[in-house]
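As structure tokens, the structure follows; a few thoughts come after it.
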Ligand code: C5P
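Residue numbers (UniProt numbering): 1 to 217.
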């Protein structure tokens, strides 16, 4: 079984998917973390030209696993779970994610992973491109202001130098890049159920979505 949640940056997809995974006792897959891992690797290698960088991809060993409420990412044996959450990675990830080679690598990894168990996954193109036959598809949205407030609250404890405007601009830029790129852009699938979380509490939105899942699956 695969349930997908797509939507713009900071719309609450990952916290929602994690909670639903816990309630339904299924696995969680964070597809954005995989693009962030490639971006981190690219930056760590001093940002070579992308065609050069993609030559090393066949030798990259990626391991992702949701454990203790954390989506843990290992690349070539190194735990980079925290490193992929920096603003520097956030500022470059949409450039990486626009590359068909990067998408092919991530999609192959995800399709293989979900064959082993029941999953809820979140991303941008899961309902439209990666899992078009998903058992259930959601598309989550919220106003830019509310998304920026939530993301700012998450980031400020790890990086006190960060500003609200910087976070908001990053979300806005990523949404623009993610929805205007040629390769599998951010888009609502016609069969996806729209969930607008603006003004809703976390509990309200979880109740609504779990209700839909129990109804349909
Ligand atoms: O979900 P998160 O904000 O961590 O995703 C980081 C970035 O990864 C997005 O801004 C987008 O560029 C890319 N992404 C994507 N397709 C997905 C998931 C994420 O292009 N399915």
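Using N, Cα and C, we set each Cβ at its ideal position, and we do this for glycine too. Treat the numbers as computed from the prediction; the structure is a model and nothing was measured.
Outcome for residue 116 when other beta-carbon atoms lying within 10 angstroms are tallied against a minimum of 16: exposed
Residue 55 versus 12, 14, 105, residue with shortest Cα-Cα distance: 105
Bridge partner(s) assigned by DSSP for residue 6: 123, 139
Length of the line joining the Cα atoms of residue 77 and residue 42: Computed Cα separation, rounded: 16 Å.
Residues that residue 196 bridges to, as DSSP identifies them: Within the DSSP bridge table, the entry for residue 196 names 141 as partners.
Coil, strand or helix - residue 70 by DSSP: strand
Rounded separation between residue 122 and residue 192 - CA only: 13 Å
Candidates 52, 38, 49: closest to residue 60 by CA position: Among 52, 38, 49, the Cα nearest to that of residue 60 belongs to 38.
Residue 165 versus residue 5: straight-line alpha-carbon distance, rounded: 26 Å
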